[in-house]
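Quick notes on the structure that follows.
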Amino acid sequence: MTIIIDAKEGIDYKKLEKAALILREGGLVAFPTETVYGLGANALLKDAVDKIFWAKGRPQDNPLIVHVSSKDMLEMCAEITDERVYMLIERFWPGPLTIVLPKKDVIPENVTAGLSTVGVRMPANKIALELIRLSGIPVAAPSANVSGKPSPTEAKHVIEDLMGKVDVIIDGGKCSFGLESTVVDLSCEKAVILRPGAISYFALKKVLGDIEYSKAVVEGLTGTVPRSPGMKYKHYAPDAKLIIVKGRIDKRIDKINEMKKKLEFKGYNVGILCFYETAHNFDSQYKLILGSMFDAKECGRNLFSILRKFNQLGVDYILCEWGDFDLEFLALENRLYKAAANNIVEVL
Ligand code: TXA
Ligand code: MG
């Protein structure tokens, strides 16, 4: 049975303490963070962590992020390699930044999928922080969705995916960022961004000096490389086939309308994913708006819930317009390309 705790209007400490106890004793608790909802288990208990993989249907070789509520908890889980770690946590924690460091032995191998490193993050969401603090243990938590589906940014998405499979779901309303944390690897000399997120390359560079993107991030974004190792599993995928149509605004609008016509002629239901500014160019009952093309934050907040809305509409295809946007859109673009499994039509 799954208990749902409504914390949208604030924290009821009695209820949160109960959830914290369940978590500490090996249960599964889904909770809101500022990025996406997490599916938490006691990171010190191998059996509890196994339940996460079972509930999500997650491949065993994909490591989990450990969530902490204090510097002491970080030091319990990971070797602090150098001053850079403290510089980062001073500047960005609590917040949407995961730092990969050499792991300590208290963290069971299934948390890190056998790797010698562990990703650690201190979430900024008050409910998440208090839940971890009250439980008194580091909390392993991937996004609280069924593996391969869009990440959950509202409790109803978690309910849709995991009802009956977890002990508690805490409803804290909509997530403020809506895209997962930036993951930076500090386990080697050179700092590497493994996943782009709300904390940008430039913000990290300001603190660290030297930093680069991993090959997987860069290749994923060029869309030319068929499948890097990180792309071997489905990610964020809606039920429909998502195709990104990228190019100059007038050209991509024409191309989408042309593709839509052809697909509809074949009897398919075609969804359109567009911006406020371009929406009037598309005539469709299955049209959803990501946000303003000048507001990366708004679009980022909406992406995952919109991908889920298309599932409800029951479309066969989603045609999504895209352009050459600036770096603020990078994290969003990274997720969108993955959701489309790099199905991109470029119009010049
Ligand atoms: O914002 C977030 O990070 C959310 C919330 C719940 O905190 N969590 C999240 O977890 O996105 P998940 O499991 O969906 O994604 C974790 C990512 C994966 O891409 C995983 O490969 C990477 O972090 N990761 C975790 N530990 C790692 C490690 N030791 N080395 C390299 N990558 C790691
Ligand atoms: Mg995930």
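Read the sequence shown against my numbering and you will find it ends at 412, with the numbers running on by one and no gaps.
Built from N, CA and C at the ideal position, the CB exists for glycine as well.
Whole-Å CB distance - residue i paired with residue j, under 8 Å assumed
| i | j | result |
| --- | --- | --- |
| threonine 66 | valine 210 | Rounded, the Cβ-Cβ distance is 15 Å, inconsistent with contact. |
| serine 251 | threonine 145 | 7 Å |
| serine 215 | phenylalanine 368 | 5 Å |
| phenylalanine 346 | proline 302 | The pair is not a contact, with the Cβ atoms about 18 Å apart (cut-off 8 Å). |
| threonine 342 | isoleucine 317 | 6 Å |
| lysine 269 | valine 411 | Rounded, the Cβ-Cβ distance is 33 Å, inconsistent with contact. |
| lysine 310 | tryptophan 386 | 4 Å |
Beta-carbon proximity of residue i to residue j, cut-off 9 Å
| i | j | result |
| --- | --- | --- |
| valine 184 | valine 164 | yes |
| proline 160 | alanine 262 | yes |
| valine 203 | leucine 87 | yes |
| lysine 120 | proline 187 | no |
| threonine 162 | serine 245 | yes |
| isoleucine 116 | leucine 92 | yes |
| alanine 142 | lysine 110 | no |
| leucine 396 | isoleucine 370 | no |
| isoleucine 257 | isoleucine 75 | no |
| threonine 176 | histidine 131 | no |
| glutamate 218 | lysine 238 | yes |
| leucine 306 | asparagine 407 | yes |
| phenylalanine 389 | alanine 360 | yes |
| asparagine 333 | leucine 377 | yes |
| aspartate 235 | alanine 208 | no |
Residue range of the beta strand (DSSP E) that includes residue i
| i | result |
| --- | --- |
| glutamate 276 | 275–277 |
| arginine 365 | Where arginine 365 is concerned, there is no enclosing beta strand (DSSP E), although the alpha helix (DSSP H) it sits in stretches over 360–377. |
| valine 309 | 305–311 |
| valine 334 | 334–339 |
| lysine 351 | 351–355 |
| aspartate 249 | 246–249 |
| leucine 179 | Note, leucine 179: premise wrong, no beta strand (DSSP E); not H, not E. |
| isoleucine 233 | 232–235 |
Helix, strand or coil at residue i according to DSSP, with G and I counted as helix
| i | result |
| --- | --- |
| lysine 82 | helix |
| alanine 142 | strand |
| isoleucine 131 | Note on residue identity: the sequence assigns histidine, not isoleucine, to residue 131. Three-state result, histidine 131: strand. |
| tyrosine 381 | strand |
| tyrosine 401 | helix |
| phenylalanine 95 | strand |
| isoleucine 75 | coil |
| serine 207 | strand |
| glutamate 410 | strand |
| leucine 198 | helix |
| arginine 291 | With a pLDDT of only 38 at arginine 291, under 50, the local geometry of the prediction cannot be trusted, and no value is derived from it. |
| leucine 103 | strand |
| alanine 255 | strand |
Where the alpha helix (DSSP H) containing residue i begins and where it ends
| i | result |
| --- | --- |
| valine 113 | 110–120 |
| aspartate 225 | 219–226 |
| glutamate 173 | Counting along the chain, glutamate 173 falls outside any alpha helix (DSSP H), and DSSP gives it neither H nor E. |
| phenylalanine 266 | 265–272 |
Distance cut-off 8 Å: residue i Cβ against heavy atoms of the ligand NAP
| i | result |
| --- | --- |
| proline 123 | No copy of the ligand NAP appears in this structure; the ligands present are the ligand TXA and the ligand MG. |
What residues does the ligand MG have around it, judged by CB closer than 7 Å to any heavy atom, in chain order?
The answer, residue by residue, is Pro206, Ser207, Asn209, Ser215, Glu244.
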